[in-house]
Amino acid sequence: MCSLVLFLLVLVLSWDRCYQSPCSLLLHRLRERPTEELAVLVNGHLVEVVVWGGGGAPRAAAALLLVALRVRGYRSHLHEAAPDVCGLLDISDLKEAAVVAPAATVPSEDCRRAGLELLTNFLQPAAVSYTLHLWAHVPSDRCRSQAGQWSFYKYYKDIDECGFLKAKFFNDITYGSCSNCFAVLTRNESLVDNQIAMELQTRIDAAELLLQVVSFKSDFIMRKTISELRRLQKPFLFVDEDLWSDTFEMVYVQPPPCVRHVKNCIPFIKTIGNLRLGNGWFMYQFAPPILELVNALSPKSSQLREILNIESAQNESHIENAACSWALQHVEEFKTLILHDKLEQKKVFAIKIILCNHDPLNKYFETISDLINRGEFQNNITHIDYNIYKNTINCFDEEHFRQVITKNAQKKNVAGVIAWSWYKGTTGAAKVAEQSQLPLLLAGAVADEIPLGSAVRAASGRLSDLTRAFHYILENCGWSRIALLSDDSVYSRSFTEAMIKQKNLLYREVIVDFKNIYINLDELKKADARIFLLNVNWSLSKDILNAALKRGMTPNNGFSWIAREWLPIQNNNTDWADMYHFTVSLGWRGEQLEGGSKHLQQKIRNRLHVKESLEEFPGINYLSMFADALLQLGYSFARFYQNYPSYRYNLRGYGTALKLSEVFENMTINGIAQNLSNRNSSIEHPLVFINKWWGVRTKSIGILQITDNYIMALKPTASNFKDLINRQKLRDRPICWTISTGDPFTPRCQDVTIIIVTVFLLISGTALYIARRARLKRLLKRELNILAKLLENRKRAVSSLDTYLVDRNAIKLLHEIGSGTFGRVHFAELHRSGRSTVIVAAKQPRQTIGPTEECEFLHEAYILAPLCHDNIIRLVGICIMNGPPMVLMEHAYYLDLKRYLTERRHLVSNRFNDNTSDALDEVSDESLTRLAREAAGALAYLSTRRLVHRDVRAANCLIDKKRSLKLGDFGMARELDDKVPVYASIRRALFPVLWMAPESLKSGVFSFATDVWALGILILEVVTLGARPYGDWQLSRVLNYVVAGGIPPLPPDVSKHTSSLLHSCWERRAESRPNASWVHNHLTQYPRLLSPALLKPYPPDPLIAYME
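Numbering (this note's numbering), first residue to last: 1 to 1108.
Structure, rendered in structure tokens:
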């Protein structure tokens, strides 16, 4: 207990120290979400940014850039080394090129090749210089005037009088043998540092100066030494970047002259071309904010010197903490360096709406777009803004539609596109959108053949939802015979296909256009069609209803009309008093509702200048579907932008649409008429609105909600639905009391023929009845004798199970929970007199069986009765009287192991992400090992009872309420003789081939060793979470493979300990396999031996496959 308390105390103190670090304080002060870290998204991969910087000033600048990146939220780390540009150019995988540096050396000519623009465009010079200078720290005014000339260091007396430190004062690496010379301090962190030191020493020796180069193994140690010497006011020489020009006691020293054979002598120790790394195409494409930051960061020499001084004051090298400390001390300077003010600026994205040319509602779509953008998005979305643009196309030109989608997919700032589902070419456009990861929301009922996915969504619902509503209306009105008037469009064909999937629908479809309306109406009237469904656009619907009114085909004359679309924009002065029709639509038509956004409805009413009900406004259903699509795209994209910041700058990258789809599926938006929830890329439980029309006047008749399994009438109730639509009790066909023949749509009634045939059959039947009754008397006597013998056989079969006999009346069968080869298993209740009711699993034969089969069926009860083990299913009772035999067994709450494992496969991917969920324990290593151990324990117990199970597999293992394993299904179990260790079977057709050992497949021999082989297969099922052994192999292939010496293929992620255990269970020689008791003990000794393995198994041994 004391150890635990001490551990927790240390943990708390460690956390507190980490939390109080300078970088933690800086992040909490300047970053909106201190714990959130972004990564650069490259083709679906999240990549951490690497900041390179070596030496002194470049390393401090790199640390400052690292801190700036983290303040902006990017996940990054520091690599303290000079950037190797040539090495980076050899990288072929772009995701490894997420490298930045404030300063890098220009590569040599032989390295400068194509690909350099990936990292840098040379437009910005380096933030700091790599060029090194020789400096002298001279506190004395007398010596300071002479210390800048290299010739001063030829004279020992002058140098010594100024107090310069000698090389022997230091214990570090020296380049030369002059023990009495004065020290020049350098660093030796890299090959370049070593070359500079050697070059400087060469010049010193050539000029006969009394100087000795002394190198420190790190920049940190050198700067710590310099700080201490400055504190002690000691004169000394050192090599460093240009950080000391503004320091009074520092003197720039002219370097010694070059050696004679050097042609181009330069006045510096080392001059290096510099550039910025990370301002190239890579960052421009995948992380524009990093590109902006890399180009903007230009710290002053004094700022970098302060950072290095802060580091040298620490006990160990930690340049990142030093940069954070400096930023905390100079917050405003730091914010200016990293363009912190730009973080508050909003990003503006575009939403494109694609509309038809010459659509009379286009101006209203623009009005609704402006209302939602200004009134909803700008008020409720704080971190981004939208601009909504209109693209008009020819709706009948599918190539134009695809081109518009392709063009928008190439624009980085397009959040998504909204279009109508009935445009020609929607299927092709949807494929382009899915491939390019461009969000495309289709308003209106979307045809089932249009591929939905992570990028393409049905914003109003599927066409199948709409046709289900049509069928609901037809069914409630008692109609199953309709005339379907369709136009020749792809969308109408899709609607027809969806409608006729209902098998009990009798229909006749005609293709209509503006020229053949009257001809088709006359033919359908002649065929006695009475219920008409208009599968055409709104313009053609108007002309058809006008023609029907002129032909007298009105509801008062026995005709009913239902239209898919209706847009009463123009009144042609037709008197519609005797002619009404119904519309069925996914769009709200302005009626009063309990759900939906009341303030949006009011805003739409005000913007459209509608004084009373919106029902009177033409096309309100189209506007409402369009508005719902816009609301879904706007709010979902805003949530996506906030939740997945790494994807902001790569909207068309791999996996972006999938992340946006996850946001869609997890959001509920208050739409115009209902709450909008998404599932499987479509609106979940959409509403369908039914209206009754008299020309331009309308009235709401009903509202339906479409669910997966049923349709709910929200208004009115289902009982009143028929009266509202079929008030005149119209029939869909002539009355025929018997049957009809010929054309199903225009049949011939056969009432007279049926009456004659019926009378004849009655007379003949009476005669047959008398003869049959006499025969039944004889058969009854024989059946009674057979039944008596059957009962006698049952009593003899269960003579040893008298204590388990149960009255059939005490058993109440409920629902079926499983079935097998020989029978079915029901969830049942056993009512016992004076005792509590017991929940049992009742197993009975699948159909009537003979005495031999009954003995086989009751054999399982005979085997189970004497068994008593915690991991073997318990026999509760048997019933043999008054019906087929029934075996009652202990009920397992979670049913069989295979189902239990399969239903928990999804938990494996989350078990390393969420350690708090109790559900994750069900797929933990301990749980999986425990299940296998319990199965082995059951088999070990059976071996003590000399029983061979012969059918060990996950489907025959049950899981009780405590999640303990129970071995069941003993129908194939056999007892071994004490002297004979095996059981030989002639029948092999019904055995489970996938779990059988090679000797069983080859010779029909079963033993305890064959059960161990099956136990190994069972363990494989456990670690693969219920996957089928041998994958999708056919049984014949498995049989040949195992007989030839093969074993089940293992997944590549199976652990070596699991693999070793399985191979021991699958030894080809039965006597080489361990017994079940050994397996049980082994799993007990290693309680976490098994772990999930879900990858695809390795292919089989090629040699065995060849033999097969």
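Note that beta-carbon positions come from the ideal geometry of N, C-alpha and C, so glycine has one too.
- With a minimum length of 3 residues, the unbroken runs of beta strand (DSSP E) contained wholly in the segment 165-216 fall at 173-175, 182-187 and 211-216.
- The segment 653-673 and the segment 461-470 do not touch, with fewer than three beta-carbon pairs separated by less than 8 Å.
- Only residues of its own chain outside the window of five on either side were considered, and among them ILE873, ASN956 and LEU958 have a CB closer than 6 Å to the CB of GLY968, listed in chain order.
- Within 10 angstroms of the beta-carbon of ASP160 lie fewer than 16 other beta-carbons, which makes it exposed.
- Proximity to ASN643 across ASN621, GLU662 and ASN1040 peaks at GLU662, based on C-alpha coordinates.
- MET499 and ARG508 have their alpha carbons spaced roughly 12 Å apart.
- DSSP places CYS855 in the helix class (H, G or I) of the three-state scheme.
- Under the three-state reduction of DSSP, GLN233 is assigned to coil, being neither helix nor strand.
- Within the same chain, Cβ atoms closer than 7 Å to the Cβ of GLY558 are found at ARG530 and LEU730, the five residues on either side in sequence being excluded.
- Inter-residue distance for PRO1087 and THR929 is about 6 Å (C-alpha atoms, whole angstroms).
- Secondary structure of MET283 (DSSP, three-state): helix.
- Unbroken alpha helix (DSSP H) stretches of 4 residues or longer found wholly inside the segment 276-338: 281-286, 288-296, 301-312, 319-329 and 331-337, given in chain order.
- DSSP, read as helix, strand or coil, puts PRO645 in helix.
- DSSP places ILE1017 in the uninterrupted alpha helix (DSSP H) bounded by 1008-1023.
- The C-beta of TYR654 has fewer than 16 other C-beta atoms within 10 Å across all chains shown, which makes the residue exposed.
- The segment 1068-1078 and the segment 1022-1038 do not touch, with fewer than three beta-carbon pairs separated by less than 8 Å.
- In the structure shown, ASP522 falls within a helical segment according to DSSP collapsed to helix, strand and coil.
- Per DSSP, reduced to three states, the secondary structure at SER21 is coil, with no helix or strand assignment.
- Measuring C-alpha to C-alpha distances from VAL251 to each of TYR423, PRO139, ALA577 and ALA183 identifies PRO139 as the nearest.
- Just so you know, the alpha carbons of PRO289 and GLY453 end up roughly 31 Å apart.
- Within the same chain, Cβ atoms closer than 6 Å to the Cβ of TYR423 are found at CYS395 and PHE401, the five residues on either side in sequence being excluded.
- Per the DSSP secondary-structure output, ILE159 pairs with nothing in a beta bridge.
- Closest in C-alpha terms to GLY53, from the list ARG70, TYR580, PRO744 and THR105, comes THR105.
- Taking 3 residues as the shortest admissible run, the segment 477-531 contains the following complete beta strand (DSSP E) segments, listed from N- to C-terminal end: 481-486 and 506-511.
- The C-alpha of SER494 is placed about 18 Å away from the C-alpha of LEU506.
- Membership of PRO845 in the beta strand (DSSP E) is indicated by the continuous run 838-845.
- Within 10 angstroms of the beta-carbon of THR1058 lie 16 or more other beta-carbons, which makes it buried.
- ALA183 is a Cβ neighbour of PHE169, given a cutoff of 8 Å.
- Apart from sequence neighbours up to five positions away, the residues of its chain that approach LEU567 with a beta-carbon distance below 7 Å are TRP538, PRO618 and GLY619, ordered along the chain.
- Per DSSP, LEU801 is not a residue of any beta strand (DSSP E), being assigned neither H nor E.
- Distance check between ARG835 and each of HIS826, GLN844, CYS855 and ALA810 places ALA810 closest, using alpha-carbon atoms only.
- ALA127 sits in coil when the DSSP states are folded into three classes, being neither helix nor strand.
- Put simply, the backbone Cα of ALA627 is about 11 Å away from that of TYR364.
- When DSSP states are grouped into helix, strand and coil, LEU438 belongs to the coil group.
- Its chain contains LEU965 and VAL1022 as the residues whose beta carbon lies nearer than 6 Å to that of LEU931, once the 5 sequence neighbours on both sides are disregarded; these appear in chain order.
- In this structure, DSSP gives TRP1066 a state outside helix and strand, which the three-state scheme calls coil.
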